[in-house]
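Chains as they are written, first to last, in our numbering: chain R, 9 to 537; chain U, 118 to 558.
Ideal Cβ placement from N, Cα and C applies to all residues, glycine included.
Only a predicted model underlies this, so the values are computations on that prediction, with no experimental measurement involved.
This report concerns only the one structure given below.
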């Protein structure tokens, strides 16, 4: 026996590889020991040995790049996750969801809707979330991928997904922010090192116990290591269940060294009627601003062109330009009344009632110069959005229907607005735009609006082409998505009514009716759950 | 009554992702009319409203081992989106049972039966002819064997020449160097070896720093195949068949049916995998006998943009006879028409060590084996792409991102039963069981 036969297989293999690389013409093949095989030439012998060796290696030699790494679990390697083994176990696996699984038919429907990224998926998820069932786990990854592009479905999706969804979302960076929509976040989320998990927990906890949640935030203020951005988000989270008892803390946050935190505090304080801050701002508004009317014209003037703000005024955020871009702020600084926009944005909108004008009238107002007029408008706009004021939002929608304003409308105001849109657009040239504008509402169209749309049909465009018809219902068949399914019979009846004269219209109405029926059917599947 | 398929199963029939999406869009009752399903004939039909004035007429045979589709649409995809939509609708239970077939469906079913009978008659005639002229058949086989022998001798010379000169030169395994060798093997009627030789180029480019190991391994296996062929007559008969198959001599399905080993059992469908290979879609379906514990693999092919016609739902159980191909390690098989049986909740599984041992045992018999199927019980996947079993062994998972996330979602960090292909590079998960239901990954 020569020395080489004592070599182990894992020592022979590299020799074989390096010899093959150089070539057997230049280097004698290694004696492969018990892996040596015969061959007529050195090269053939090397290949035969390699055949034997590679099978041996593939069959499970540890440490080779090719074989499966089969190593034992090292005890204590998970020690860093926490000293409590039960907690570590809980983090590693999802809690049990005792709710029943969605019925097979529903799951199948959901599978198809996700696969086609259907327009009716949000509606279906919302309905499915109400059944109190859980979604099959294998559907969660595609649903999560869908939710990355659609914020609106996340709350319903997380309800449907349950603890399994929360666990899964945490495993993937791209989904991890969804955990804040979970119905019940983990108890240890507050001690997580990921800010969004803490914020998600805080938002949830605030909804359950506002006072205790505020105490958590106050405690966090005492501890170092919270980034300004995170602390600002904590203040923002207090918007849930905001009440007079939050005022002392928010008032103290006005002295925070971070601009972001102060901005959030100002924002919340402005929505607290009767707070000291709100009173101060209202008093400033009434003493600095004057509103004059002359016939229909309204003029808003800044009485007192203060050039130097007092320390108290700066503390309340005047002149900070919260919502402005860098450029806007620079421009504003050149204006005598550079604090004007901040003043309006942070003053309770109710303070304007003193002038005896409606929001709509104020929105039509002019000012001494263009900059002041624009600043006033921007101020009202941010005040409306911050204070979620429905009356002002309606006045804004009457001018320009931005979706953020539409969201603030109560149902009854939304219906009024929709009817206005359809009535305004009841001409053969502009009714196309009605569905597109209506879709911005982001919720099912009110029944009277659908009736008005249907009523417009025979009168609209006697020689409609197919394109016109498609446009009438919006580009992506907005009617199919937002009309309540209960309208299917009415749509079908309308189709029959006009079939003789308007066959193209009738066909499109047939399609719409079929779509509505499909939706009704899908929703009915869920009702029987 | 035979079971309706699940939506996931229907989706697995789609030739590609866009058709799956388009099919899902049609999986609602809206565009459909005159639909029906006959359980006895496993036939499904309906009219789908398209952009034209005439609706497309769709007919589908959902017999498990004999899926077929017909549609009047001009799409070259197969099955087309209309067939997929109709199947989804059926899977959702929205199509009523009917005993009477529409005329066109009856005609289609009849013509299919005619064709099946004719092709059976043809193959019977062919077998008869071969039986009538055993000398001629033997002569042809000998001619091919000689051609293959010459081709493999050339290949072996090329291999040893490369190793003698050294394989470090990057030109050795460039496409222009390898392709003539592969072409020569195609001419020599050894397509199986030709494909292996072609994959040498990618073995070099895709293995990173360890490419010398990958290339030498593949060289060695090719050399072994050449050696085996030159000594074919000395090998045991089953091993001879294995070598023939590796070389690329296709097996006559009728011959297998006549002489193959038959195992009657309740066959549990463990998993299926589709892979695109050389203008074809190759589908593998693995089953395990409930009593015998035998593993079987069915192989089916579909042309480009077409899904293979053989589609068995994962998790289903068939009471059937499996006819195994003759091989040193019998795995590939053909299923004789079987009946759907009571579903088995979850297959019994072993440990990762057992899976590794199974693969090692398979390699010991057939060194050209790429992987060996295994069911692993109480396995926990993690997001780093590893699978850990109850004994604490780990193995890397080989799968794409969506499959890994589906596996993680179903497991939720809890132990699950997983079926997959155990290879030397890791474990490719194909099916996972959760709450008694099989989920294809």
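- Message: Please report the distance separating the alpha-carbon of residue 544/U from that of residue 309/U.
- Response: Along the second chain, one-based indexing puts residue 544/U at 427. Along the second chain, one-based indexing puts residue 309/U at 192. Taken atom to atom, the span from the alpha-carbon of residue 544/U to that of residue 309/U is near 24 Å.
- Does the beta carbon of residue 477/U sit closer than 8 Å to a beta carbon anywhere in chain R? By 1-based counting over the second chain, the position of residue 477/U is 360. At least one chain R Cβ lies under 8 Å of residue 477/U.
- Query: From residue 111/U to residue 465/R, what distance separates their C-alpha atoms?
  - Reply: Nothing can be reported for residue 111/U: it is not among the residues displayed for chain U, which extend from 118 to 558.
- Query: Around the C-beta of residue 113/U, are 16 or more other C-beta atoms found within 10 angstroms, so that it is buried, or is it exposed?
  - Reply: Coverage of chain U is limited to positions 118 through 558, which leaves residue 113/U absent and any answer about it impossible.
- For residue 380/R, does the three-state DSSP call read helix, strand or coil? Working through the first chain from its first residue, we reach residue 380/R at position 372. Reduced to three states, the DSSP call for residue 380/R is helix.
- Item | Whole-number beta carbon distance between residue 514/R and residue 496/R, since they are thought to touch under 8 Å | Here residue 496/R is taken as the residue at index 488 of the first chain, counted from 1. Here residue 514/R is taken as the residue at index 506 of the first chain, counted from 1. At roughly 15 Å, the Cβ-Cβ gap does not stay under 8 Å, so residue 496/R and residue 514/R are not in contact.
- Residues near residue 479/U by beta carbon distance below 7 Å, same chain, minus five either side: For this step, residue 479/U is matched to residue 362 along the second chain. So the list reads 446, 486 and 489, once near-sequence residues are dropped.
- Item | Limits of the alpha helix (DSSP H) - the one that residue 402/U falls within | Residue mapping note: residue 402/U aligns to position 285 of the second chain, counting from 1. Per DSSP, residue 402/U lies in no alpha helix (DSSP H) segment; the continuous beta strand (DSSP E) that holds it begins and ends at 397–406.
- Message: Let me make sure I understand the geometry here. Which of 184/U, 221/U, 332/U and 506/U has the alpha-carbon closest to that of residue 122/U?
- Response: For the purposes of this step, residue 122/U is taken as residue 5 along the second chain, with counting starting at 1. Comparing alpha carbon positions, the residue from 184/U, 221/U, 332/U and 506/U closest to residue 122/U is 184/U.
- Query: Under the three-state reduction of DSSP, which class applies to residue 218/U: helix, strand or coil?
  - Reply: Stepping through the second chain from its first residue, residue 218/U is reached at position 101. Three-state result, residue 218/U: coil.
- Item | Residues within the region 266–285 of chain U neighbouring chain R, beta-carbon criterion of under 7 Å | Going along the region 266–285 of chain U in chain order, one finds 276, 277, 280, 281, 282, 283, 284 and 285 with a Cβ nearer than 7 Å to chain R.
- By DSSP, does residue 413/R sit in helix, in strand, or in coil? For the purposes of this step, residue 413/R is taken as the residue at position 405 of the first chain. Residue 413/R falls in the helix class under three-state DSSP.
- Message: Report the start-end ranges of each alpha helix (DSSP H) in the region 248–291 of chain U that is 4 residues or longer and not cut off at the edges.
- Response: If only complete runs of 4 or more residues are kept, the region 248–291 of chain U shows the alpha helix (DSSP H) at 251–282, in order along the chain.
- Could you give the C-beta distance for residue 484/U and residue 315/U, rounded to a whole number, given that I count them as a contact under 8 Å? Translated into the one-based positions of the second chain, residue 484/U becomes position 367. Translated into the one-based positions of the second chain, residue 315/U becomes position 198. Actually they do not touch by this definition, with Cβ atoms about 20 Å apart.
- Query: What residues in its chain sit with their C-beta under 6 Å from that of residue 460/U, if we drop five residues either side in the sequence?
  - Reply: As a first step, residue 460/U is located in the second chain; it is residue number 343 there, counting from the start. These residues qualify, in order along the chain: 434.
- Message: For the pair the region 188–206 of chain U and the region 250–258 of chain U, tell me if three or more CB-CB distances fall below 8 Å.
- Response: Between the region 188–206 of chain U and the region 250–258 of chain U there are fewer than three C-beta pairs closer than 8 Å, too few to call the two in contact.
- Message: Which residues of the region 164–189 of chain R have a Cβ closer than 8 Å to any Cβ of chain U? Give them in chain order.
- Response: The residues in question are 172, 175, 176, 179 and 180.
- Message: Please list the terminal residues of the continuous beta strand (DSSP E) segment that includes residue 423/U.
- Response: Mapped onto the second chain, residue 423/U falls at position 306. DSSP places residue 423/U in no beta strand (DSSP E); its state is neither H nor E.
- With C-beta atoms as the reference, is residue 214/R less than 8 Å away from residue 245/R? Stepping through the first chain from its first residue, residue 214/R is reached at position 206. Stepping through the first chain from its first residue, residue 245/R is reached at position 237. Contact: yes.
- Counting pairs of beta carbons, one from the region 362–382 of chain U and one from the region 439–455 of chain U, are three or more of them closer than 8 Å? Segment contact: the region 362–382 of chain U against the region 439–455 of chain U, three or more CB-CB distances shorter than 8 Å; contact assigned.
- Query: Can you tell me whether residue 260/U is buried or exposed, with buried defined as 16 or more other CB within 10 angstroms of its CB?
  - Reply: Counted from its first residue, the second chain places residue 260/U at position 143. Classification for residue 260/U: exposed.
- Return the bridge partner residues of residue 489/U from the DSSP annotation. Within the second chain, numbered from 1, the residue matching residue 489/U stands at position 372. Looking at the DSSP output, residue 489/U shares a beta bridge with 539/U.
- Task: Identify, in the order they occur along the chain, each residue of the same chain with its Cβ nearer than 7 Å to the Cβ of residue 396/U, setting aside the five sequence neighbours on each side.
- Result: Locating residue 396/U in the second chain gives position 279, where the first residue counts as 1. Here residue 396/U has 421 as same chain residues with Cβ atoms under 7 Å from its own Cβ, once five neighbours each way along the sequence are excluded.
- Tell me whether the beta-carbon of residue 529/U lies closer than 8 Å to the beta-carbon of residue 513/U. Within the second chain, the letter at position 412 stands for residue 529/U. Within the second chain, the letter at position 396 stands for residue 513/U. Here residue 529/U is not near residue 513/U, since their CB atoms are 8 Å or more apart.
- Message: Count Cβ pairs between the region 166–176 of chain R and the region 140–157 of chain R that sit closer than 8 Å; are there 3 or more?
- Response: Output reads yes: the region 140–157 of chain R touches the region 166–176 of chain R.
- How would you list, in chain order, the residues of chain U whose beta-carbon sits under 9 Å from the beta-carbon of residue 538/R? Only positions 9 to 537 of chain R appear in the structure, and residue 538/R is not among them; the question remains open.
- Task: From the DSSP output, read off the bridge partner residues of residue 378/U.
- Result: Numbered from its first residue, the second chain carries residue 378/U at position 261. 441/U, per the DSSP bridge assignment.
- Counting along the chain, where does the beta strand (DSSP E) carrying residue 153/U start and finish? Here residue 153/U refers to the residue found at position 36 of the second chain. That run of the beta strand (DSSP E) goes 149–155.
- Three-state secondary structure (DSSP) of residue 90/R: To locate residue 90/R, count along the first chain from 1; it is residue 82. Because the pLDDT of residue 90/R is 41, which lies under 50, any placement of that residue in the model is unreliable, and the number read from its coordinates should be weighed accordingly. In the structure shown, residue 90/R adopts coil according to DSSP, grouped into three states.
- Message: Tell me the residue span of the beta strand (DSSP E) that contains residue 307/R.
- Response: For the purposes of this step, residue 307/R is taken as residue 299 along the first chain, with counting starting at 1. Element bounds for residue 307/R: 305–310.
- Task: Count the other C-beta atoms from every protein chain shown that fall within 10 angstroms of the C-beta of residue 57/R, then say buried if there are 16 or more, exposed otherwise.
- Result: Here residue 57/R is taken as the residue at index 49 of the first chain, counted from 1. The residue in question, residue 57/R, is buried, as its Cβ has 16 or more Cβ neighbours within 10 Å.
- Query: Does the beta-carbon of residue 538/R have 16 or more other beta-carbons within 10 angstroms, so that it is buried, or is it exposed?
  - Reply: One cannot answer for residue 538/R here, as it falls past the ends of chain R, which runs 9 to 537.
- Please confirm whether residue 355/R and residue 278/R have their CB atoms less than 8 Å apart. Here residue 355/R refers to the residue found at position 347 when the first chain is read from its first residue. Here residue 278/R refers to the residue found at position 270 when the first chain is read from its first residue. Yes.
- Item | chain R contact residues for residue 322/U, given Cβ-Cβ distances below 9 Å | As a first step, residue 322/U is located in the second chain; it is residue number 205 there, counting from the start. Correct list: empty, because the minimum Cβ distance to chain R is about 16 Å.
- Specify, as a first and last residue, the run of the alpha helix (DSSP H) that residue 137/U falls within. Taking the second chain and counting its residues from 1, one reaches residue 137/U at position 20. That run of the alpha helix (DSSP H) goes 134–142.
- Message: Residues of the region 519–540 of chain U in Cβ contact with chain R at a cutoff of 7 Å, in chain order, please.
- Response: The residues in question are 519, 522, 523, 525, 526, 527, 529, 530 and 531.
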